[in-house]
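K.L.:
Let me give you the structure first, and then I'll get to my questions.
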Amino acid sequence: MASGDELKRRLTILGSTGSIGTSTLDVIERLGGRDRFEVAALTGNGNIPLLAAQARRMGAELAVTADGDRYGELKDALSGSGIEVAAGRTGLSEAAERDAGWVMAAIVGNAGLGPTLAAARRGADIALANKECLVSAGSLFIDAVAEGGGRLLPVDSEHNAIFQVLENDQRHAVERIVLTASGGPFRTKSLDEMQHVTAEAARAHPNWSMGLKISIDSASMFNKALEMIEARHLFNLRPDQIEVIVHPQSVVHSMVGYADGSVLAQLGCPDMRTAIGYALSYPRRCDLPVERLDFARLARLDFEAPDEVRFPALRLARRAMEEGGLQGAVLNGAKETALGAFIEGRVDFLDMAEIVEEVMNDLAGLPAATSMDDVFAADEQARQAAAGMIP
Ligand code: NDP
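Numbering (the working numbering), first residue to last: 29 to 419.
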């Protein structure tokens with residue numbers, strides 16, 4: 029608990045109604061809630077009842093729905109609370125701009141890029157769950173954080189693991205990083221078996237409880253593909269320094285290999301609250317009631333090489349990294365469009381990678397981005413090209 033003269037930490041959660049957003053609020057409440065933290069802004073999209081309930085519970089200053097048509101609904105749900113209400117793209121910007129030292133970036137997809145960038149530019153510490161920021165904008169996003177002067181704190185469990193074991197004064201001795209992948213629900217399925225799987229089957233992740241889109245991306249391994257590109261920018265690595273290993277238990281969250289042959293790993297039960305808590309209390313560690321690892325019960329840890337034939341997303345990520353330029357934005361824009369079509373039942377599971385590859389072929393050779401406008405334009409081009417391939 030905070031003593032009377034201790035300043036409360038002011039924070040904002042972009043995407044508070046999602047899987048990461050609700051886990052973040054859970055961590056905040058366990059670490060003292062309103063006694064220790066002051067919530068500047070919370071944002072959501074369609075889940076107005078949850079957003080309103082969170083804002084009231086936390087005494088947020090501002091609540092924002094990204095859906096401009098839902099402004100009235102949110103206003104009604106918060107009437108009498110004194111909480112300010114905003115909506116749409118300008119509302120999201122207002123939330124990101126509001127003075128808060130720590131911002132959780134947990135909006136799903138490319139929709140998170142604009143607000144996260146705005147928070148980074150004004151110098152907030154960014155707890156980054158939204159991997160699409162780095163996949164699409166790459167070094168432009170890193171530069172925006174550096175210019176703003178805040179810290180970039182990785183929340184994705186693999187990147188958080190690497191952040192925890194990366195010895196910053198030994199960066200010259202880092203040979204490689206190894207991202208672990210659970211392999212998802214179709215790890216042992218053949219291509220034939222995967223052809224007609226449903227979105228419902230694809231979202232059933234064996235170890236992690238996550239939002240719909242990232243769960244399906246885990247099944248196709250597009251999530252790992254995005255993470256490879258994210259890691260490249262986050263830790264300033266060459267593509268050949270980034271390895272992926274399938275590890276079905278999701279206990280080793282990722283590893284760093286050094287020049288002396290040592291490999292440092294971070295382990296834990298699969299619970300995003302550990303990574304969120306680390307990003308919130310960095311550089312200290314906080315006390316969290318997550319399940320502890322029981323090694324005797326665990327008994328074994330398995331590792332296997334990923335299969336890039338059954339999971340072509342990994343090959344496409346490597347290609348995007350090697351070609352550079354705007355291929356990250358192209359891969360992500362095409363992937364988001366193909367994923368939306370798969371969720372709606374308009375394309376089959378394996379079509380997603382084919383669509384992404386074709387769009388990458390069509391848009392190969394786009395020059396490197398010099399501004400965020402270039403990134404948004406490439407994203408839009410990729411979405412349109414992908415949409416043209418979907419019946
Ligand atoms: P969810 O789908 O559970 O939540 C997404 C959040 O974004 C919700 O608050 C949602 O609002 C909001 N949202 C949806 N569409 C829009 C939009 N167009 N504009 C603004 N806000 C929108 O996702 P997750 O929490 O699972 O993931 C969030 C991000 O974190 C993703 O980038 C994901 O890749 C990353 N991540 C997630 C992990 C996890 O364990 N879940 C692990 C590592 C990274 P509403 O619900 O009100 O509609």
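Cβ coordinates follow ideal geometry from the N, Cα and C atoms, glycine included.
Keep in mind it's a predicted model, so treat the numbers as computed, not measured.
On the criterion of 16 or more Cβ atoms from any shown chain inside 10 Å, does V350 qualify as buried, or is it exposed?
P.N.:
Residue 350 sits at position 322 when you count from the first residue of the sequence shown. Per the sequence presented here, residue 350 reads as Glu, with Val not at that position. Classification of E350: exposed, given that the 10 Å Cβ count is below 16.
K.L.:
Would you mind sorting T398 into buried or exposed? The rule is 16 or more other CB atoms within 10 Å of its CB.
P.N.:
Stepping through the sequence shown from its first residue, residue 398 is reached at position 370. Looking at its Cβ environment, which holds fewer than 16 other Cβ atoms inside 10 Å, T398 is exposed.
K.L.:
If you measure between the beta carbons of A133 and A147, is that distance less than 9 Å?
P.N.:
Counted from its first residue, the sequence shown places residue 133 at position 105. Counted from its first residue, the sequence shown places residue 147 at position 119. A contact, by the Cβ cut-off of 9 Å.
K.L.:
Below 6 Å CB to CB, which residues in the same chain sit around F300 once its five sequence neighbours on both sides are set aside?
P.N.:
Within the sequence shown, the letter at position 272 stands for residue 300. The residue asked about is misnamed: residue 300 is Met in this sequence, not Phe. The answer, listed in chain order, is S51.
K.L.:
Are the region 156-175 and the region 195-214 touching by the rule of at least three beta carbon pairs closer than 8 Å?
P.N.:
Judged by Cβ distances under 8 Å, the region 156-175 makes no contact with the region 195-214, as fewer than three pairs qualify.
K.L.:
Whole beta strand (DSSP E) runs in the region 174-248 with 3 or more residues, listed along the chain?
P.N.:
Listed in chain order, the complete beta strand (DSSP E) runs (minimum 3 residues) inside the region 174-248 are 180-182, 202-209.
K.L.:
D315 lies in the beta strand (DSSP E); which residues open and close that run?
P.N.:
Numbered from 1 along the sequence shown, position 287 holds the residue referred to as residue 315. Looking at the DSSP string, D315 is not in any beta strand (DSSP E), and its letter there is neither H nor E.
K.L.:
To test your reading of the DSSP string, which unbroken alpha helix (DSSP H) runs of 4 or more residues are found completely within the region 82-109?
P.N.:
Correct list: 99-105.
K.L.:
Could you tell me the distance, in whole angstroms, from the CA atom of R411 to the CA atom of E258?
P.N.:
Against the sequence shown, residue 411 aligns to sequence position 383. Against the sequence shown, residue 258 aligns to sequence position 230. In a straight line, the C-alpha of R411 is about 20 Å away from that of E258.
K.L.:
Enumerate in chain order the residues of its own chain whose CB-to-CB distance from M29 is below 8 Å, with the five nearest sequence positions on each side excluded.
P.N.:
The residue you call residue 29 lines up with position 1 of the sequence shown. With a pLDDT of 44 at M29, under the threshold of 50, the modelled position of this residue cannot be trusted, and the question is left open.
K.L.:
In the structure shown, what three-state DSSP assignment does H261 receive?
P.N.:
Numbered from 1 along the sequence shown, position 233 holds the residue referred to as residue 261. The answer is helix: DSSP assigns H261 an H, G or I state.
K.L.:
Can you tell me the Cα-Cα spacing of S31 and R37, whole angstroms?
P.N.:
For the purposes of this step, residue 31 is identified with residue 3 of the sequence shown, where counting begins at 1. For the purposes of this step, residue 37 is identified with residue 9 of the sequence shown, where counting begins at 1. With a pLDDT of 47 at S31, under the threshold of 50, the predicted position of this residue should be treated as unreliable, and no value is reported.
K.L.:
Comparing the CB of W130 with every heavy atom of ligand 1, is any distance shorter than 8 Å?
P.N.:
Locating residue 130 in the sequence shown gives position 102, counting from the first residue. No.
K.L.:
For L35, which residues from the same chain have a beta carbon less than 6 Å from its beta carbon, with the 5 sequence-adjacent residues on both sides left out?
P.N.:
By 1-based counting over the sequence shown, the position of residue 35 is 7. Once the five neighbours on either side are set aside, L35 has no close Cβ partner at all.
K.L.:
Between L254 and the rest of its own chain, which residues show a CB-CB distance below 6 Å, the 5 nearest in sequence each way excluded?
P.N.:
Here the question's residue 254 lines up with position 226 in the sequence shown. K159, V163.
K.L.:
Using 10 angstroms around the beta-carbon of H420, count the other beta-carbons present and answer buried if the total reaches 16, otherwise exposed.
P.N.:
The shown model of the chain, from 29 to 419, leaves out residue 420, and the question about it has no answer.
K.L.:
State yes or no: is the C-beta of L70 within less than 9 Å of the C-beta of T118?
P.N.:
For the purposes of this step, residue 70 is taken as residue 42 along the sequence shown, with counting starting at 1. For the purposes of this step, residue 118 is taken as residue 90 along the sequence shown, with counting starting at 1. Their beta carbons are not under 9 Å apart, which means L70 does not touch T118 by this criterion.
K.L.:
Between T302 and ligand 2, is there a pair consisting of the residue's CB and a ligand heavy atom that are separated by less than 8 Å?
P.N.:
Ligand 2 is not among the ligands present in this structure, which contains only ligand 1.
K.L.:
Hey, out of P419, R84, A189, whose CA is closest to F263's CA?
P.N.:
Along the sequence shown, read from residue 1 onward, the residue named residue 263 stands at position 235. Checked all of P419, R84, A189; the closest Cα to F263 is A189.
K.L.:
Taking just the CA atoms, how far does I205 sit from I270?
P.N.:
Taking the first residue of the sequence shown as 1, we reach residue 270 at position 242. Taking the first residue of the sequence shown as 1, we reach residue 205 at position 177. Looking at the two C-alpha atoms, the distance is approximately 5 Å.
K.L.:
By Cβ distance, which residues of its chain are closer than 7 Å to E186, with the 5 residues on each side in sequence left out?
P.N.:
The residue you call residue 186 lines up with position 158 of the sequence shown. So the list reads L207, T208, E255, H281, S282, once near-sequence residues are dropped.
K.L.:
Given 8 Å as the limit, tell me if A333 has its C-beta closer than that to any heavy atom belonging to ligand 1.
P.N.:
To locate residue 333, count along the sequence shown from 1; it is residue 305. Checking every heavy atom of ligand 1 against the Cβ of A333, none is found closer than 8 Å.
K.L.:
Got a sec? Which residues, its chain only, sit under 7 Å from R150 by beta carbon, not counting five neighbours each side?
P.N.:
Looking up residue 150 in the sequence shown gives position 122. If we look at R150 and ignore the five residues flanking it on each side, its Cβ neighbours are E125, G176.
K.L.:
Decide if L219 is buried, meaning its Cβ has at least 16 other Cβ atoms within 10 Å, or exposed.
P.N.:
Along the sequence shown, one-based indexing puts residue 219 at 191. Looking at its Cβ environment, which holds fewer than 16 other Cβ atoms inside 10 Å, L219 is exposed.
K.L.:
By Cβ distance below 8 Å, which residues in the same chain neighbour V291 in space, the five residues on each side in sequence not counted?
P.N.:
Taking the sequence shown and counting its residues from 1, the one referred to as residue 291 is at position 263. If we look at V291 and ignore the five residues flanking it on each side, its Cβ neighbours are V206, M283, V284, G285.
K.L.:
Got a sec: does ligand 1 put a non-hydrogen atom nearer than 8 Å to the Cβ of T71?
P.N.:
Locating residue 71 in the sequence shown gives position 43, where the first residue counts as 1. Under cutoff, so the answer is yes.
K.L.:
Any chance the CB of I136 is under 8 Å from a heavy atom of ligand 1?
P.N.:
Position 108 of the sequence shown, counted from the start, is the residue given in the question as residue 136. Residue 136 is actually Val in this sequence, not Ile. Yes, the beta carbon of V136 sits closer than 8 Å to at least one heavy atom of ligand 1.
K.L.:
Based on the DSSP output, what are the partners of I273 in its beta bridges?
P.N.:
For the purposes of this step, residue 273 is taken as residue 245 along the sequence shown, with counting starting at 1. For I273, which the question treats as bridged, DSSP gives the partners T208.
K.L.:
Would the beta-carbon of E228 be found less than 8 Å away from any heavy atom of ligand 1?
P.N.:
As a first step, residue 228 must be located in the sequence shown, where it is residue number 200. No, ligand 1 has no heavy atom inside 8 Å of this Cβ.
K.L.:
If I'm right that Q355 touches M388 with Cβ under 8 Å, what's the distance once you round it to whole angstroms?
P.N.:
Translated into positions along the sequence shown, residue 355 becomes position 327. Translated into positions along the sequence shown, residue 388 becomes position 360. Confirmed, Cβ separation roughly 6 Å.
K.L.:
What are the boundary residues of the alpha helix (DSSP H) that T144 is part of?
P.N.:
Within the sequence shown, the letter at position 116 stands for residue 144. First-last of the alpha helix (DSSP H) with T144: 141-149.
K.L.:
What does the Cβ neighbour count give for Q223, buried or exposed, with the cut at 16 atoms within 10 Å?
P.N.:
Walking along the sequence shown from the start, residue 223 turns up at place 195. Under this definition Q223 is an exposed residue.
K.L.:
State yes or no: is the C-beta of S47 within less than 9 Å of the C-beta of L53?
P.N.:
Residue mapping note: residue 47 aligns to position 19 of the sequence shown, counting from 1. Residue mapping note: residue 53 aligns to position 25 of the sequence shown, counting from 1. Contact flag unset, no.
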